[in-house]
Amino acid sequence: YVFTPGNPKWKRNNLTYRILNYTPKMRRADVDEAVRKALSVWSNVTPLTFQRVEDKEADIMISFAYRDHQDNSPFDGPNGQLAHAFQPGEGIGGDVHMDEEEAWTKDGRGYNLFIVLAHELGHSLGLSHSNDPGALMYPTYSYTDPNEFLLPQDDIDGIQAIYGGSTAAVQPTGPVTPEACNPKLTFDAITTLRGEIFFFKGRYMLRKHPARTETELNFISLFWPRLPSGIQAAYENIETDEIIVFKEDKYWVIRGYDVLPGYPKPIYRFGFPKTVKRVNAAYNDETTGKTYFFVADRYWRYDEKKKSMDHGYPKKIVSSFGNIGRVDAAFQKDGYVYFFHGTTQFQFDPRARQIVRQMKSISWFNC
Amino acid sequence: FPVVPEAEDEGKTLQLVESYLQNFYDLQKDGHHHHLRRSGQNPLTAKLKEMQSFFGLEVTGKPDLDTLEVMKKPRCGIPDVEK
């Protein structure tokens, strides 16, 4: 996180805000809600309070503006610059200007008003841009479902360094952006996809292309906005050129950039008993076309052609794969199966039916 | 005339790079047109490196594809560095 040069801050904790005008692209109630929610992002983690006022000057004046709006920073039309805000201070200090020519929405279409407002209010309170790609104060727009939004730890650390902690008994914490070479890094799910490997972690995915040394970090929502964060299992069906991802008792089917319509669907369509509430890991055997699902200490085997579970399952994981413990994530590549358990990774040879190597979880990232 | 397509692209690229660095990395508008290809440390190259470093890109000082992709992303109008 970065403080605004000169460390400007509000001298009071009880601030006021006013919504000067509205965009015709959203219902007024939705704009009010977006503003209220964006302010609560910051008041939830600090002693700050925000009271709405009408018909008088407020500390934070929020408005939608068009091109040159007399503040020496003209907007540039659709896309490009979405909004800007002014550091704490009298007059224009603290004010937030949204570019009226953007497609403001309350969901994943266009630009989500809540997300952009929450970012600009960070400036209104004294924060500058952070170079943490997962931070709210990162300069470029990225969509997160407002219902799933959690203020990242980098932003919490920054705003609390200015205003102190929350008055709540328990200090709120936020998601930390995964770093590929962090030896403590564990994964929620892993799948191959057209020769690449996708490692899922929270709302992020680390993408590793065999021909590139560096690892790319993206939000899951960048490719698949309809998917939730916290994917728990995933596998690639090479025959159908699809990946299937799981969370709790639901699954989605993805082809390229598209989540197929009609999903999510219940996992019980695979033939799991109702006692199974979630899938921990999965991989598709590229030789037999069978898919292996790992749940707690057991596993099932699914016949993709017959579209049914094979008889004789579930079986104990240890009975077929050895002492690999519970499986967080799994994928198959070049004939070997890689099982991830915490920060440990096991390379399993299905032909020899034994573990042939043990590595760190981050071994794929050229650290 | 006609304009060589690549040259035209370079013109557009230069325009994008210059305006981005003027808006967000305090590249001075000094009326001189910067050259993407001139070796050595012209102001544009220095600012480009600063931007690449901020976004965790490979610091090449050149407007490579990854850098241009970031420059085209919708974003906040506040500069990334002190203006």
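Chain order of the listed sequences is A and B.
When you line the first sequence up against our numbering, it's residues 1 to 367, in that order.
When you line the second sequence up against our numbering, it's residues 368 to 450, in that order.
Yeah, the Cβ is synthetic: ideal placement off N, Cα and C, and Gly gets one too.
None of the values given here were measured: they were computed from a predicted structure.
| request: State buried or exposed for Tyr17 (chain A), treating a residue as buried only when at least 16 other CB atoms are found within 10 Å of its CB. | output: Buried, because 16 or more other Cβ atoms sit within 10 Å of the Cβ of Tyr17 (chain A).
| task | Can you pull the chain A residues whose beta carbon is under 7 Å from the beta carbon of Asp447 (chain B), in chain order? | result | Going along chain A in sequence order, the residues near Asp447 (chain B) (Cβ under 7 Å) are His129 and Pro139.
| query | Under the three-state reduction of DSSP, which class applies to Ala211 (chain A): helix, strand or coil? | reply | Ala211 (chain A): coil per DSSP, three-state reduction.
| query | Which term fits Met359 (chain A), buried or exposed, when burial requires 16 or more other beta carbons within 10 angstroms of its beta carbon? | reply | The residue is exposed, with fewer than 16 neighbouring Cβ atoms inside 10 Å.
| request: Could you have a look at Phe149 (chain A) and say whether DSSP puts it in helix, strand or coil? | output: DSSP places Phe149 (chain A) in coil when its eight states are reduced to three.
| said: So, at 6 Å on beta carbons, what are the nonlocal neighbours of Phe200 (chain A) in its own chain, with the 5 sequence-adjacent residues on each side left out? | reply: Closer than 6 Å at Cβ, skipping near neighbours: Asp188, Ala189 and Ile231.
| request: Verify the CB distance criterion: does Asn79 (chain A) have a CB-CB separation below 7 Å to chain B? | output: Closer than 7 Å: yes.
| Segment limits, beta strand (DSSP E) that includes Met448 (chain A) | In the structure as shown, chain A begins at 1 and stops at 367. Residue 448 (chain A) is therefore absent and cannot be evaluated.
| task | Could you tell me whether the Cβ of Leu82 (chain A) comes closer than 7 Å to any Cβ of chain B? | result | Yes, contact with chain B.
| query | Is the Cβ of Pro5 (chain A) closer than 7 Å to any Cβ of chain B? | reply | It does; some Cβ of chain B falls within 7 Å.
| query | For chain A, is any of its Cβ atoms less than 7 Å away from the one on Phe368 (chain B)? | reply | Confidence at Phe368 (chain B) is low in this model, with a pLDDT of 49, below 50, so the placement of that residue is unreliable and no value is reported for it.
| Pro414 (chain A): contacting residues in chain B (beta-carbon distance under 9 Å) | Coverage of chain A is limited to positions 1 through 367, which leaves residue 414 (chain A) absent and any answer about it impossible.
| query | Going along the chain, which residues of the segment 96-120 of chain A sit with their C-beta nearer than 9 Å to a C-beta in chain B? | reply | For the segment 96-120 of chain A, which is checked against every Cβ of chain B, the residues closer than 9 Å are His97, Asp99, Glu102, Tyr111, Val116, His119 and Glu120.
| field | Residues of its chain near Ser128 (chain A), where Cβ-Cβ distance is below 7 Å and the 5 sequence neighbours each way are ignored | value | Correct list, in chain order: Val2, Phe3 and Thr4.
| said: Any beta carbon of chain B sitting closer than 7 Å to that of Asn14 (chain A)? | reply: Taking 7 Å as the threshold, the shortest C-beta distance from Asn14 (chain A) to chain B does not fall below it.
| request: Use the C-beta contact count for Gln332 (chain A): other C-beta atoms within 10 angstroms, 16 or more gives buried, fewer gives exposed. | output: Buried, since its Cβ has 16 or more Cβ neighbours within 10 Å.
| said: For the segment 101-108 of chain A against the segment 17-33 of chain A, do three or more pairs of beta-carbon atoms, one drawn from each stretch, fall closer than 8 Å, so that the two count as touching? | reply: These segments touch.
| query | Whose Cβ in chain B lies nearer than 9 Å to the Cβ of Ala85 (chain A)? | reply | Per Cβ cutoff of 9 Å: Cys443, Gly444 and Ile445.
| task | Measure the CB-CB distance between Trp300 (chain A) and Val259 (chain A) and report whether it falls below 7 Å. | result | No. Outside cutoff.
| query | Does Leu20 (chain A) get closer than 7 Å to chain B when you measure Cβ to Cβ? | reply | Residue-level contact check: Leu20 (chain A) does not touch chain B, since none of the beta carbons of chain B fall below 7 Å from its beta carbon.
| message | By the three-class DSSP mapping on this structure, what secondary structure does Lys37 (chain A) have? | response | Looking at Lys37 (chain A) - three-state DSSP - the assignment turns out to be helix.
| Given 8 Å as the limit, is there contact between the segment 33-46 of chain A and the segment 117-126 of chain A, that is, 3 or more CB pairs closer than that? | The segment 33-46 of chain A and the segment 117-126 of chain A touch, with no fewer than 3 CB-CB distances between them shorter than 8 Å.
| task | Kindly indicate which three-state DSSP category Lys414 (chain B) falls into: helix, strand or coil? | result | Of the three classes helix, strand and coil, the one that applies to Lys414 (chain B) here is helix, per DSSP.
| Cβ-Cβ separation, Tyr235 (chain A) to Ala282 (chain A) (assumed contact under 8 Å), whole Å | With a Cβ gap of about 4 Å, Ala282 (chain A) and Tyr235 (chain A) count as contacting.
| message | Below 8 Å on C-beta distance, what does Val437 (chain B) contact in chain A? | response | Taking a Cβ-Cβ threshold of 8 Å, the residues of chain A close to Val437 (chain B) are Thr140, in chain order.
| request: Measure the CB-CB distance between Thr177 (chain A) and Gly134 (chain A) and report whether it falls below 7 Å. | output: In this structure, the beta-carbon distance from Thr177 (chain A) to Gly134 (chain A) falls below 7 Å.
| request: For Asp328 (chain A), verify whether its CB is less than 6 Å away from any heavy atom of the ligand NAD. | output: Ligands are entirely absent from the displayed structure, and the ligand NAD is therefore not among its contents.
| task | For Leu415 (chain B), count neighbouring C-beta atoms within 10 Å of its own C-beta (all shown protein chains included) and say buried if the count is 16 or more, exposed if not. | result | Buried: at least 16 other Cβ atoms inside 10 Å.
| said: Taking 8 Å as the cut-off, does the segment 262-274 of chain A touch the segment 235-252 of chain A (at least 3 CB pairs, one atom from each stretch)? | reply: Contact between the segment 235-252 of chain A and the segment 262-274 of chain A is present, with at least three C-beta pairs closer than 8 Å.
| said: Does the CB of His123 (chain A) have a neighbour CB from chain B at under 7 Å? | reply: Yes, His123 (chain A) lies at the interface with chain B (some Cβ there is under 7 Å from its Cβ).
| request: For Phe368 (chain B), name the three-state secondary structure that DSSP assigns. | output: Confidence in Phe368 (chain B) is poor, its pLDDT being 49 and thus under 50, which makes the residue's placement unreliable; the coordinate value appears in the next sentence. When DSSP states are grouped into helix, strand and coil, Phe368 (chain B) belongs to the coil group.
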